[in-house]
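All letters in the sequence shown, in the order written, are residues -22 to -1, 1 to 189 by mature numbering (1 follows the signal peptide of the UniProt record, and there is no 0).
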Amino acid sequence: MIRMHSLTVAAALAIAAVPAVAQEHNTGLGKSNFSYSTLGIQLGKVTPDEEIVFLNEVYEDFGAAALNGSFQVADNFVIGAGASAFANEGNRTEITSSSVNLDLYIPVPLGDRVDLIPRIGYVSSEIELCADGLCATEDDSAMSYGLAARIWAVPGSLEISGGFSDTNEAESESVTSIGAALWAGEHHRFALNYDASDSFDAVLLGYSYNW
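Right, here's the structure in full:
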């Protein structure tokens, strides 16, 4: 099932036009406190609030992985993209959920330690259920948005963060996130993040290279 296709294309075209706009205009918001040109990976676990029972097989948690990257076009314009998935399998069944996203971030510095980061974009997702070698899939797409904050607890060494995200799907659940990261020099970032919604919790460990 595909939804919001025309809006998704419009969002992609709008985001694609940002580099030219950013190069021609200075927003006057000031230089961000963090670098947003980055390439990273995350690994972790997703735990549903309630066990999922599929053909008498019980799923209590799922392994999760994500790849993401972004490019800071200007001080206050960042384009990002990512792909993520979580999955698990039983003796007869398997459940896999995957998604890809494209986003525009506007980092706004608040003083010399804090960035406030509004975000808009779109996400396309798919869930696949398999039993005895037979699989069924359902997919969807939606506009997405969020707001996050990044704070230098110890400048150059320790970062803390938090925020929320949601989509315009009718039954969408907002996701609240908190995290902390250790920096090894200017380029290497090691992060621990916790995400929560009404139906799941996720814990992710991540590494990113920043420039």
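A virtual CB, placed ideally from N, CA and C, is assigned to each residue, including glycine.
Can you check whether the CB of residue 47 is closer than 7 Å to the CB of residue 182? no
Here's the rule: buried if 16 or more other CB atoms are within 10 angstroms of the residue's CB, otherwise exposed. What is residue -3? With a pLDDT of 49 at residue -3, under the threshold of 50, the predicted position of this residue should be treated as unreliable, and no value is reported.
When we look at the beta-carbon of residue 120 and count the other beta-carbons within 10 Å, is it buried (16 or more) or exposed? buried
Can you give the Cα-Cα distance for residue 59 and residue 141, rounded to whole angstroms? If you take the alpha carbons of residue 59 and residue 141, they lie about 18 Å apart.
When you compare the region 105 to 124 with the region 156 to 175, are there three or more beta-carbon pairs, one atom per stretch, that lie closer than 8 Å? no
Would you say the beta carbon of residue 125 is closer than 6 Å to some non-hydrogen atom of the ligand NAD? As for the ligand NAD, it is missing from this structure, which has no ligand bound.
Is the distance from the Cβ of residue 95 to the Cβ of residue 85 below 7 Å? Going by C-beta atoms, residue 95 is nearer than 7 Å to residue 85.
Quick check on the burial criterion: 16 or more other C-beta atoms within 10 angstroms. Buried or exposed for residue 38? exposed
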